[in-house]
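Quick note: the sequence shown, position 7, residue 7 per the UniProt record's numbering, numbers continuous.
We put the CB at the ideal spot given by N, CA and C, even for glycine.
To start, the structure itself, in structure tokens.
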Amino acid sequence: MRAAVTRAFGEPMRVETVTLADPGPGEVLVAVKACAICHSDITYADGGWGGTVPMVLGHEAAGIVEATGPGVTRVKPGDPVVVTLIRSCGGCHYCAGGHDFLCETVFDLDRTSPLTDGTGAPIGHGLRTGAFAEKLVVEQSQLVAVGGNMPFASASLLACGAITGVGAVTNTAKMPAGAHAVVIGCGGVGLNAVQGARIAGAASIIAIDLAREKLDAALRLGATRAIDPFHEDAVDIVTAATGGRGADFVFVASGAPAALESAASYIGKNGTVVIVGMPASDVNIAFNPASFAGFSQRIIGSKMGSASVARDVPHLAALWRDGVLDLDSLVTGRYPLDQINEAIAATRAGQGLRNVIVF
């Protein structure tokens with residue numbers, strides 16, 4: 001099969017013919033139909049999180065089950081599925097507490113990648129998925145069957161952008177109706193945080209970004225105000241929109257240091273900053289702890305929207321079917337696998353809402 005291989009950090013991916021092992025116990029072979037480009041793939045490919053190469057990245061995918069290994073009960077051949085990077089055992093300390101996304105179990109796929117190149121040398125199973133490829137093998141907990149009426153490009157967004165953005169609001173922050181929200185960074189994750197805040201019944205939703213296309217999309221998806229901080233005083237606007245108190249929740253859906261540092265400017269007393277975007281490992285920011293202590297403010301992290309794949313993907317798919325969650329309009333670029341470097345360059349440049357590799 002063909003796959004886009006990262007051979008060196010910071011260099012273009014190479015589309016190569018690789019070998020994929022058959023699914024083992026509890027594992028599933030999926031024919032990939034769509035895989036969205038997430039900034040996490042770009043950060044990893046640039047070397048922002050370390051690791052070793054070569055590897056096949058891509059983790060926001062949808063496709064059709066081709067075969068299952070022994071013991072698979074969640075899906076069957078022919079099922080259209082969403083493929084996530086969340087791999088969970090269901091029984092460890094974190095899974096038992098409902099935190100599947102923090103599962104501590106080491107699976108066979110964690111020990112040995114199913115991918116090898118033309119010489120037989122191993123290729124890393126990037127982000128536990130390896131979805132920039134015509135086919136992939138994952139553990140069954142990473143899959144959820146979805147109705148066949150959902151376009152694969154739209155379904156792929158459920159694997160990361162949607163569960164991360166909406167989940168940051170509903171699962172991590174548990175934002176109540178009537179709260180005031182700010183979303184910093186309106187890419188695929190941030191726009192879904194805007195939708196999550198709308199669905200949760202926010203009193204106001206202020207979207208902050210530098211790209212007009214993304215601000216317009218935020219307004220269409222539920223933001224009550226969209227701000228380019230280079231041309232408007234975002235702090236004054238947030239203060240006015242919240243009756244002078246500041247936001248109750250600030251969702252930082254960008255890993256850029258400037259975005260992270262600006263978050264404290266927008267929260268009010270008893271406010272919460274939710275870090276949703278994943279910065280590179282060497283990014284550090286400064287904040288005033290006296291302010292956070294004095295005003296009873298919080299900073300919390302949100303990994304993958306604190307999602308339970310089996311619970312959240314079907315729920316969000318139902319919201320899509322009911323017309324409550326918009327996924328279709330977020331897919332603004334479609335590329336074949338041979339143009340993956342062009343798709344990554346467009347995403348890196350902020351062009352499009354979500355660029356998707358389609359097979």
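Whether residue i touches residue j by CB criterion (9 Å)
i: alanine 310; j: aspartate 100; result: yes
i: valine 250; j: alanine 263; result: yes
i: valine 32; j: phenylalanine 359; result: yes
i: alanine 179; j: alanine 253; result: no
i: glutamate 261; j: alanine 280; result: no
i: glycine 118; j: glutamate 27; result: no
i: methionine 1; j: arginine 7; result: no
i: cysteine 35; j: glycine 58; result: yes
i: aspartate 326; j: arginine 220; result: yes
i: isoleucine 340; j: phenylalanine 9; result: no
i: methionine 304; j: leucine 143; result: no
i: proline 23; j: valine 137; result: yes
i: valine 146; j: leucine 127; result: no
i: alanine 241; j: glycine 185; result: no
i: valine 30; j: glycine 124; result: no
i: glutamate 139; j: leucine 109; result: yes
i: leucine 330; j: alanine 217; result: yes
i: leucine 210; j: glycine 350; result: yes
i: alanine 197; j: methionine 175; result: yes
i: glycine 294; j: glycine 271; result: no
i: arginine 354; j: glycine 130; result: no
i: proline 54; j: valine 106; result: no
i: alanine 177; j: alanine 202; result: yes
i: leucine 337; j: glutamate 134; result: yes
Extent of the continuous beta strand (DSSP E) to which residue i belongs
i: tyrosine 335; result: 331-335
i: glutamate 134; result: Where glutamate 134 is concerned, there is no enclosing beta strand (DSSP E), given that its DSSP letter is neither H nor E.
i: arginine 354; result: 354-358
i: alanine 31; result: 27-36
Collapsed DSSP secondary structure at residue i in the structure displayed
i: alanine 247; result: strand
i: lysine 214; result: helix
i: proline 122; result: strand
i: glycine 305; result: helix
i: arginine 2; result: strand
i: leucine 157; result: helix
i: leucine 325; result: coil
i: alanine 145; result: strand
i: glutamate 342; result: helix
i: threonine 19; result: strand
i: threonine 116; result: strand
i: valine 53; result: coil
Integer Cβ distance of residue i from residue j, believed to fall under 8 Å
i: valine 183; j: isoleucine 205; result: 7 Å
i: serine 306; j: glutamine 297; result: Their Cβ separation, rounded to whole angstroms, is 20 Å, which puts serine 306 and glutamine 297 out of contact at 8 Å.
i: valine 18; j: isoleucine 163; result: With a Cβ gap of about 28 Å, valine 18 and isoleucine 163 do not count as contacting.
i: serine 156; j: alanine 61; result: 5 Å
i: isoleucine 299; j: valine 273; result: 5 Å
i: glycine 352; j: threonine 332; result: 4 Å
i: aspartate 328; j: proline 80; result: In fact, because the Cβ distance is near 16 Å, the residues do not count as touching under 8 Å.
i: glycine 268; j: aspartate 248; result: 7 Å
i: isoleucine 37; j: alanine 343; result: 5 Å
i: serine 88; j: cysteine 103; result: 4 Å
i: alanine 153; j: arginine 348; result: So it is not a contact: roughly 20 Å between Cβ atoms.
i: valine 75; j: valine 65; result: 5 Å
i: histidine 39; j: glycine 148; result: With a Cβ gap of about 29 Å, histidine 39 and glycine 148 do not count as contacting.
i: tyrosine 266; j: valine 238; result: 5 Å
Residue span of the alpha helix (DSSP H) that contains residue i, given as start and end
i: valine 309; result: 309-321
i: leucine 109; result: 108-111
i: alanine 349; result: Unbroken run through alanine 349: none, as it is neither H nor E.
i: threonine 43; result: 39-45
i: cysteine 103; result: Looking at the DSSP string, cysteine 103 is not in any alpha helix (DSSP H), and its letter there is neither H nor E.
i: residue 416; result: The structure shown does not extend to residue 416, since the chain is modelled only from 1 through 359, so no value can be given for it.
i: residue 362; result: Because the chain in this structure spans residues 1 to 359, residue 362 falls outside the shown range and cannot be described.
Residue i: CB within 8 Å of a non-hydrogen atom of the ligand FAD
i: alanine 162; result: Inclusion of the ligand FAD in the displayed structure is not the case, the ligand content being empty and no account of it being possible.
Which runs of the alpha helix (DSSP H) fall wholly inside the segment 251-291 and span at least 4 residues, in chain order? 257-262
Which residue spans inside the segment 61-87 form an unbroken beta strand (DSSP E) run of at least 3? 80-83
Pick out the complete alpha helix (DSSP H) segments inside the segment 165-229, 4 residues or longer, and give them in chain order. 188-200 and 212-221
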